[in-house]
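Colleague: There's a structure below that I have some questions on.
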Ligand code: KG4
Ligand code: ZN
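Residue numbers (the numbering used here): 5 to 337.
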């Protein structure tokens, strides 16, 4: 299928044209960082208004870049949730109107399912099922068993902050600019990951759940202490990052001990993190499994992954353009 993807769940106004869930003919993303930066975080009302202002042009842009008229499409895929309701409704309303006016099928996609299939964009190998996915974004941290495109099972989740949220909050403690994750990643590259031993959360018996809020608090207390005031920020960033990576890799390791998987898949905005990518690939090699890591442009929010998930889950994602409603709390399964 040739699908137009639309993603407006948070602060990226993203559109894409994707063939067969793999070939990306156009991938357009208008980042709103400059509008949110002075507030130090995403302001939902601003995000929603920017989507409304930009989306129509972003759709035209993707179709033009792909050299595809609307009439040549086989369908429209849109993120229906989870996310910010004011942002989601802009994409959903646009997708419904386009599908209805052009008589095209409409596919509703869970944003997190999009992340799960991002690593297979522009790759020739099909996903080897069952695979184990580590999905780490600004809003979610979870381990998912993917037995088929429609058989998904969450094995572990975060008890509090998501990994990306921990990066963003710790970046603020370090006075880094918004968005914090990439800035902290860059600073950490200049630091010593062993300089400070921040706590690594251990799972309670019988669960693989993770927690990052204790780590963030420990960095805050450290930075307020005399030792912290004298510490190099690069070393604090690298040591914090090493603790996050250790916890994530520990959970993947434990999940591999408990199940049989054909591959390891990394996804979500934090998948762009260089230290996490290195540790993830090393773990896959140790366990003799192929590692699928998305191209950087497909790690953070994008619409190509939404079209990819719609295609792979076509049997269940097809919906009705007259009745689709955005759901900020759309369940994962
Ligand atoms: O998937 P995403 O674009 O949006 C959500 O669905 O949440 O993820 C955004 C998150 C933010 O918390 C951002 O700081 C984090 O991903 N992130 C990173 C890096 N790039 C983005 N975290 C660590 N290192 C990075 N290089
Ligand atoms: Zn996301």
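Cβ atoms here follow ideal geometry from the backbone N, Cα and C, with glycine treated the same way. Remember, predicted model here, so these are calculated numbers, not experimental data.
Buried or exposed for residue 221, please, with buried defined as at least 16 other CB atoms from any protein chain shown within 10 angstroms of its CB.
Modeller: Under this definition residue 221 is an exposed residue.
Colleague: On a Cα-Cα basis, can you pick out the residue from 7, 51, 248 and 121 that is closest to residue 203?
Modeller: Closest by alpha carbon: 248.
Colleague: Quick check on residue 111: does DSSP put it in helix, strand or coil?
Modeller: The answer is strand: DSSP assigns residue 111 an E or B state.
Colleague: Going by the beta-carbon positions, is the gap between residue 70 and residue 32 smaller than 7 Å?
Modeller: Their beta carbons are not under 7 Å apart, which means residue 70 does not touch residue 32 by this criterion.
Colleague: State buried or exposed for residue 265, treating a residue as buried only when at least 16 other CB atoms are found within 10 Å of its CB.
Modeller: Buried.
Colleague: Quick check: residue 81 and residue 9, are their CB atoms within less than 7 Å of each other?
Modeller: Yes, these two residues count as a Cβ contact at 7 Å.
Colleague: Please work out which residues of its chain come closer than 6 Å, Cβ to Cβ, to residue 168, disregarding the five sequence neighbours upstream and downstream, and give them in chain order.
Modeller: These residues qualify, in order along the chain: 141, 142, 185, 273 and 274.
Colleague: Check whether the Cβ atoms of residue 223 and residue 174 sit closer than 7 Å, and answer yes or no.
Modeller: In contact: residue 223 and residue 174 (Cβ atoms closer than 7 Å).
Colleague: Helix, strand or coil, according to DSSP, for residue 271 in the structure here?
Modeller: Three-state DSSP puts residue 271 in a strand.
Colleague: Going by alpha carbons, who is nearest to residue 302 out of 317, 118 and 65?
Modeller: Residue 302 has its Cα closest to that of 118, out of 317, 118 and 65.
Colleague: What does DSSP give as the partner residues of residue 158 in its beta bridges?
Modeller: Paired residue(s): 148.
Colleague: When burial is assigned at 16 or more other CB atoms within 10 Å of the CB, is residue 145 buried or exposed?
Modeller: With 16 or more other Cβ atoms within 10 Å, it is buried.
Colleague: DSSP on residue 201, reduced to helix/strand/coil?
Modeller: Here residue 201 sits in coil by DSSP.
Colleague: Could you give the C-beta distance for residue 181 and residue 41, rounded to a whole number, given that I count them as a contact under 8 Å?
Modeller: Yes, residue 181 and residue 41 are in contact; Cβ-Cβ is about 7 Å, under 8 Å.
Colleague: Going by C-alpha distance, which of 155, 256 and 237 is nearest residue 188?
Modeller: Closest option to residue 188, Cα to Cα, is 237.
Colleague: Return the chain-ordered list of same chain residues with a C-beta closer than 8 Å to the C-beta of residue 120, the five sequence neighbours on each side being excluded.
Modeller: Once the five neighbours on either side are set aside, the close Cβ partners of residue 120 are 137, 139, 148, 150, 156, 269, 271 and 313.
Colleague: Determine which residues share a DSSP beta bridge with residue 322 and list them.
Modeller: Answer is 111, bridged to residue 322.
Colleague: Can you say whether residue 54 is buried or exposed, counting buried as having 16 or more other CB atoms within 10 angstroms of its CB?
Modeller: So residue 54 counts as buried.
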